[in-house]
Amino acid sequence: MFTLLGFVVIAVVLLGSAAFAVTRLNLIHAGLAFALTWLAVGAFYLWAGAEFVGLAQILVYVGAVSMVILFAVLLTQVRSAATSLPINLDDERRLGAGLITAGSAFGLLGAAILTGRPAAPAAPDRSLTAQELGTALMGPHVVALLVIGVLLTAVLIGAVLIAAPTDPEIVEDGP
Amino acid sequence: MNDVGSTFWTTLDQAPALAKRALLGLLPESWAPLAGGLLTVVFVCLFFISIFALLTLVERKALGRIQNRPGPNRTGPGGLLQPLADAIKMLVKEDIVPHRADRVLHFLAPVILVVSALLAFAVLPFGRDLAPVEFDGAILFFFVAGAGTEFAIFLAGWASHNKYSLLSAMRALAQLIAYELPLLLAVVPVVMLAGTLVPQGVVEAQAGYVFGFVPRWHLFEPWGLAAGAVFLVAALAEANRSPFDLPEAESELIAGHLTEYSGFKYALFFMAEYLGMTAMAGMMVTLFLGGWHAPLPFLGFLPSWFWFLAKMLAVLGVFIWVRGTLPRLRMDQLTRFAWKFLLPLSFVNLVAAGLWHYSAAWDLPAAPLLRWVLVFALPAATYVILGRRLAGGLGPRIYHYAT
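So the protein lines, in turn, are chains E and A.
Residues 955 to 1129 in the working numbering are what the first sequence spells out, letter by letter.
Residues 552 to 954 in the working numbering are what the second sequence spells out, letter by letter.
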């Protein structure tokens, strides 16, 4: 009973904050609502018994990624900082692009879920400990871990390259 | 020690748990889980809020002595009642919300701040079998709660609709992103070598004494020394304490995110700062200073919670001492220090911790000494090389005075 109630509360907060985030005109409000969505996702993991994953989700997404997003908004919105932006659905091209993006993401995810391993092994009656999770990641799944690490490093270097000023006059010369 | 004596000390050691059990005995049994949880929450909140009151006085007194002035000494004997006077003043002050502020977020910021500061106390082991909550991943929970404080500072700065506050919010974000990483990387070797994410497990890994008198605290192991130093610096930054108090920086940003807060909300900000600082000190004690273990074997008869509190207050004393001694960093120095110095140092220290773990099985003559020197040399060499490179070319600073 309480378990179901918890799920309903988490689901309402998750979907509500996500809907709030995409309908806001104020980018900061949207970012904050997004942080709440991530918090709710973390709460869902905790509810499902995956304590380590849930806490890591909150630490990484609410604690760090949402910060980076807010920081980026503050740094890029110099002129219209914190004021409303023209995100309207009246523009047909914009509407079409949005539908295509959302549709392909949903399609991809749905296909992955539907065609994934059909017979999932029976869920163990206790959640994995952090130690077992770490052993699994470092043992059988170490290749995936390393590939993701290289990928993320490449993304980081790319971001630095894009963000770094190319005009030599802007480059700071030390302290 | 005779039997009566040892029973007395054991009872004293478990006094908080026994008192809780006695209180719960007065209630119907079905209420016990809920009432027990509530009792712990209320006790932890009240206890640490009184520590906060005490700490404000101690800090003002200590800073006063460092600056060669007496500090508050008019309210009560020796200024002892000053926190009470401050509390009354804060409660009766007018609560002002700027006209163009985001009212909801302006209100939410201090609430989130205090809640996340208090949450951190949930997982600290205050003594033998005396942790409010114990679960796998509790250390992670502590840092999750800590991340909430910087988030709240951002909210406060942004919602105030004041350019100084906004600058402070951006500084808080940059600081969080920069120092969260070294902080967590300083904790990783502890978790690696203790093999657990449960704080009690980390404390138990530090039990015992080398040569009969040197405690097996992580701080006294070479990798722990480096990790402890990184943790202390990053903890100061996370708690927004001087020399990393850039988000509030009175002289530059007229107190930054605090500018538009008054009355009780302002008091909440201060309370959260001190609570966060206390929690960080408690975590430092748990991870590096042996938790509730006594520093010397023959002192082990004193209650475990006494040792925890004593060590925590000692670390807080260091925080206050640092505030009285060091000047504030500049923003670029702060981020450069985190990314170019602390981060590589903590990475090297991870390797050192791994070496410490695997060298435990070495079967060489003088292996313990060799192992100690080797593991110490890794972070120490990094410290020297990085320090020289970062400070290279800066030389002694030349000041030009108007003539």
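Idealized CB from N, CA, C, for every residue including glycine.
ask   = For alanine 729 of chain A, which residues from the same chain have a beta carbon less than 8 Å from its beta carbon, with the 5 sequence-adjacent residues on both sides left out?
value = Cβ neighbours of alanine 729 of chain A within its own chain (closer than 8 Å, five residues either side excluded): Ala788, Leu885, Thr886, Ala889, Trp890.
request  = Excluding the 5 residues preceding and the 5 following alanine 1035 of chain E in the sequence, name in chain order all residues of the same chain whose CB lies nearer than 6 Å to its CB.
outcome  = A caution first: alanine 1035 of chain E carries a pLDDT of 46, below 50, which makes its placement in the model unreliable, though a value can still be read off. Non-local C-beta neighbours of alanine 1035 of chain E in its own chain, meaning closer than 6 Å and more than five positions away in sequence, are absent.
query = Would serine 955 of chain A be called buried (16 or more neighbouring beta carbons within 10 Å of its own) or exposed?
reply = The first residue shown for chain A is 552 and the last is 954, placing residue 955 of chain A beyond what the model contains.
request  = Quick one: using the 10 Å Cβ neighbour count with 16 as the cut-off for buried, is arginine 874 of chain A buried or exposed?
outcome  = Under this definition arginine 874 of chain A is a buried residue.
message = Could you tell me the alpha carbon to alpha carbon distance between asparagine 1091 of chain E and leucine 1068 of chain E, rounded to whole angstroms?
response = Note that residue 1091 of chain E is leucine in the sequence shown, not asparagine. In a straight line, the C-alpha of leucine 1091 of chain E is about 25 Å away from that of leucine 1068 of chain E.
query = Is there contact between the stretch 637-647 of chain A and the stretch 812-819 of chain A, where contact requires at least three CB pairs shorter than 8 Å?
reply = Yes, since at least three Cβ pairs between the stretch 637-647 of chain A and the stretch 812-819 of chain A fall closer than 8 Å, the two stretches touch.
request  = Would you list the residues sitting across from proline 766 of chain A in a DSSP beta bridge?
outcome  = According to DSSP, proline 766 of chain A bridges with A:Tyr760.
query = Short check: CB of alanine 975 of chain E to CB of alanine 984 of chain E, under 8 Å?
reply = Result yes, Cβ atoms of alanine 975 of chain E and alanine 984 of chain E sit closer than 8 Å.
ask   = Is the Cβ of alanine 1118 of chain E closer than 8 Å to any Cβ of chain A?
value = Cβ-Cβ to chain A under 8 Å: no for alanine 1118 of chain E.
Proximity of phenylalanine 839 of chain A and leucine 735 of chain A at Cβ, strictly below 8 Å = No, Cβ-Cβ distance for phenylalanine 839 of chain A and leucine 735 of chain A is not below 8 Å.
inquiry  = Please give me, in chain order, every unbroken run of the alpha helix (DSSP H) with length at least 4 that falls completely inside the stretch 573-647 of chain A.
reply    = Qualifying alpha helix (DSSP H) stretches, in chain order: 583-617, 633-643.
Tyrosine 715 of chain A, DSSP secondary structure in three states = Secondary structure of tyrosine 715 of chain A (DSSP, three-state): helix.
message = Buried or exposed for arginine 792 of chain A, going by 16 or more other Cβ atoms inside 10 Å?
response = Buried.
query = Using the C-alpha atoms, what's the distance from proline 878 of chain A back to lysine 862 of chain A?
reply = Across the structure, lysine 862 of chain A and proline 878 of chain A are spaced so that their CA atoms are roughly 26 Å apart.
query = Looking at the structure shown, is phenylalanine 559 of chain A part of a helix, part of a strand, or coil, going by DSSP?
reply = In this structure, phenylalanine 559 of chain A counts as helix in the three-state DSSP scheme.
task = Report all residues from its chain with a CB closer than 8 Å to the CB of tryptophan 992 of chain E; omit the five preceding and five following residues, and keep chain order.
result = Correct list, in chain order: Gln1011, Ile1012, Tyr1015, Val1016, Val1019, Ser1020.
task = Could you pull out every residue in the same chain whose Cβ sits closer than 8 Å to the Cβ of aspartate 1127 of chain E, ignoring the five residues on either side in sequence?
result = Reliability fails at aspartate 1127 of chain E, whose pLDDT of 47 lies under 50, so the model's placement of it is uncertain and the value that follows must be treated cautiously. Setting aside the 5 residues that flank it on each side, aspartate 1127 of chain E has no residue in the same chain whose C-beta is closer than 8 Å to its C-beta.
key: C-alpha distance - valine 761 of chain A paired with glutamate 755 of chain A, whole-angstrom precision   = Valine 761 of chain A and glutamate 755 of chain A have their C-alpha atoms roughly 15 Å apart.
request  = Kindly list the residues whose CB is nearer than 8 Å to the CB of proline 895 of chain A, restricted to its own chain and excluding five residues on each side of it in sequence; keep chain order.
outcome  = Same-chain partners within the cutoff: Thr933, Leu937.
ask   = Using a Cβ cut-off of 8 Å, which residues of the stretch 662-693 of chain A contact any Cβ in chain E, in chain order?
value = For the stretch 662-693 of chain A, the beta-carbon criterion of a distance under 8 Å to any beta-carbon of chain E is satisfied by Phe686, Asp687, Gly688, Leu691, Phe692.
request  = Please say whether glycine 697 of chain A and histidine 808 of chain A have beta carbons closer to each other than 8 Å?
outcome  = Not a contact, by the Cβ cut-off of 8 Å.
query = Counting along the chain, where does the alpha helix (DSSP H) carrying asparagine 900 of chain A start and finish?
reply = 894-909 is the extent of the alpha helix (DSSP H) around asparagine 900 of chain A.
request  = Thinking alanine 777 of chain A and asparagine 900 of chain A are a contact (beta carbons under 8 Å), I'd like their distance in whole angstroms, please.
outcome  = That pair is a contact at about 5 Å.
query = Is asparagine 619 of chain A buried or exposed, if buried means 16 or more other CB atoms sit within 10 Å of its CB?
reply = Asparagine 619 of chain A comes out exposed.
message = Closest to glycine 763 of chain A by C-alpha separation, out of A:Ser897, A:Phe594, A:Gly851, A:Phe892, would be which residue?
response = For the set A:Ser897, A:Phe594, A:Gly851, A:Phe892, the Cα lying nearest the Cα of glycine 763 of chain A is the one of A:Gly851.
Short Cβ contact (8 Å threshold) for leucine 656 of chain A with alanine 723 of chain A = Annotated as distal: leucine 656 of chain A and alanine 723 of chain A, with beta-carbon spacing of 8 Å or more.
Same chain, Cβ closer than 6 Å to alanine 903 of chain A, neighbours up to 5 away in sequence not counted = Taking alanine 903 of chain A as the centre and dropping the five residues before and after it, the same chain places the C-beta of Trp774, Val926, Leu929, Pro930 closer than 6 Å to its C-beta, in chain order.
ask   = alanine 790 of chain A lies in the alpha helix (DSSP H); which residues open and close that run?
value = It is not in any alpha helix (DSSP H) - alanine 790 of chain A carries neither H nor E in the DSSP assignment.
message = So, for alanine 652 of chain A: in the same chain, excluding its five sequence neighbours on each side, which residues have a beta-carbon less than 7 Å away from its beta-carbon?
response = Close CB contacts of alanine 652 of chain A within its chain, under the 7 Å cut and outside five residues either way in sequence, are with Ala710, Ser711, His712, Glu811 (chain order).
Segment contact flag, the stretch 664-672 of chain A with the stretch 685-703 of chain A, C-beta cutoff 8 Å, min 3 pairs = They touch, by the three-pair rule.
ask   = What does a CB cutoff of less than 7 Å around valine 749 of chain A pick up in its chain, not counting 5 residues either side in sequence?
value = Same-chain partners within the cutoff: Glu685, Asp687, Ala689.
ask   = Using the beta-carbon count (16 or more within 10 Å), is alanine 720 of chain A buried or exposed?
value = Per the 10 Å Cβ criterion, buried.
task = With a threshold of 16 other CB atoms inside 10 Å of the CB of alanine 1065 of chain E, please say whether the residue is buried or exposed.
result = Exposed.
Isoleucine 964 of chain E, DSSP secondary structure in three states = DSSP, reduced to helix, strand and coil, places isoleucine 964 of chain E within a helical segment of the structure shown.
request  = Consult DSSP for alanine 932 of chain A and reduce its assignment to one of helix, strand or coil.
outcome  = Helix, per DSSP.
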